[in-house]
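All remarks here apply to the structure that follows.
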Amino acid sequence: KNQVEQSPQSLIILEGKNCTLQCNYTVSPFSNLRWYKQDTGRGPVSLTIMTFSENTKSNGRYTATLDADTKQSSLHITASQLSDSASYICVVSPGGKLIFGQGTELSVKP
Amino acid sequence: EAGVAQSPRYKIIEKRQSVAFWCNPISGHATLYWYQQILGQGPKLLIQFQNNGVVDDSQLPKDRFSAERLKGVDSTLKIQPAKLEDSAVYLCASSLVTGYNEQFFGPGTRLTVL
Numbered sequence: 415k416n417q418v419e420q421s422p423q424s425l426i427i428l429e430g431k432n433c434t435l436q437c438n439y440t441v442s443p444f445s446n447l448r449w450y451k452q453d454t455g456r457g458p459v460s461l462t463i464m465t466f467s468e469n470t471k472s473n474g475r476y477t478a479t480l481d482a483d484t485k486q487s488s489l490h491i492t493a494s495q496l497s498d499s500a501s502y503i504c505v506v507s508p509g510g511k512l513i514f515g516q517g518t519e520l521s522v523k524p
Numbered sequence: 072e073a074g075v076a077q078s079p080r081y082k083i084i085e086k087r088q089s090v091a092f093w094c095n096p097i098s099g100h101a102t103l104y105w106y107q108q109i110l111g112q113g114p115k116l117l118i119q120f121q122n123n124g125v126v127d128d129s130q131l132p133k134d135r136f137s138a139e140r141l142k143g144v145d146s147t148l149k150i151q152p153a154k155l156e157d158s159a160v161y162l163c164a165s166s167l168v169t170g171y172n173e174q175f176f177g178p179g180t181r182l183t184v185l
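Protein chains in written order, with our numbering: chain A, 415 to 524; chain B, 72 to 185.
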C-alpha cells in the first residue's frame with residue numbers, strides 16, 4: 415500500500431534554532447518527492463521537488479534530502495523564523511497522482 | 072500571474088443541506104484537482120480533471136459528491152446532501168499537465184456541517 419509517514423507530528427522550537435523533519439514512504443513506483451509548506455488557512459505551497467537521482471535540494475533556508483534506497487527524506491530548516499510556523503507536508507508521487515503525508519505542525523516561538 | 076481562485080472561503084451549513092464550491096485554475100493549466108483536507112490530515116484527492124475529462128475520481132463519494140469542469144476551465148464541486156463528516160477544507164489545485172508538473176493550490180474553502 416502506498417503510504418507516506420511523517421515525524422514528528424508536531425514540533426516547537428525557539429526562533430533562530432534549526433530543526434529537521436522526517437518523512438518515510440512506501441510508494442512504488444517512485445517518480446518524485448515534494449515538500450510543501452501550508453500556513454494556517456492557506457493552501458499548500460511547494461518548497462522543493464526531487465526526482466530519484468537528486469539527493470539534496472535547497473530553497474533558501476530550507477534544504478531537503480532524499481535517500482531513495484532507504485525511502486527516507488528530511489527537510490532541514492536553518493535559523494528558523496516566526497514565519498516558519500506552519501504545517502510541512504511530505505508528498506510522494508508514483509507518477510501523476512500525489513500521496514500526501516499527514517504533515518508536521520511546526521511552531522516557532524520568540 | 073494570478074493564482075488559483077476559490078469561493079466561498081468559508082461555508083456553514085446544516086446536515087442534509089446542499090453546498091457548492093467554485094474553482095478557477097491558473098490560466099492555461101490543463102489539469103485541475105479537488106482535494107478534501109480533514110483537520111490534522113494531509114489532503115486527499117477527490118477528483119482530477121484533464122481539460123474537461125475526468126482522469127481519476129476513485130475516491131469521490133459519488134452518492135453525494137459531484138464535480139464538473141464543463142468548458143475545461145472553471146470547476147464546481149457539489150455535496151448533496153451534506154453529512155457531519157464532510158466538515159473539512161476543500162482545496163482546488165491546478166497544473167500545466169500531470170506527472171512532474173508542480174501543482175498550485177488555492178486557499179481552500181472551509182466547510183462546517185452542523
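Here a beta-carbon is modelled for each residue, glycine too, at the ideal position from N, C-alpha and C. The model shown is predicted, which means the values in this text are computed figures rather than measured ones.
Distance CB(residue 114/B)-CB(residue 463/A) smaller than 9 Å: no
Can you tell me whether residue 481/A is helix, strand or coil according to DSSP? strand
Quick check on residue 498/A: does DSSP put it in helix, strand or coil? helix
May I ask you to report which of helix, strand or coil DSSP gives residue 145/B? coil
Residue 507/A: which of 459/A, 457/A, 440/A and 444/A sits nearest, CA to CA? 444/A
Any beta strand (DSSP E) of 3 or more consecutive residues that is wholly inside the segment 89-122 of chain B: 90-95, 102-108 and 115-121
Based on DSSP bridge pairs, tell me the residues matched to residue 438/A. 419/A and 486/A
Going by the beta-carbon positions, is the gap between residue 184/B and residue 155/B smaller than 9 Å? yes
Beta-carbon separation of residue 103/B and residue 120/B under 9 Å? yes
Residues, ordered as in the chain, of the segment 114-148 of chain B that lie near chain A by beta-carbon distance below 9 Å: 114, 115, 116, 119, 126 and 127
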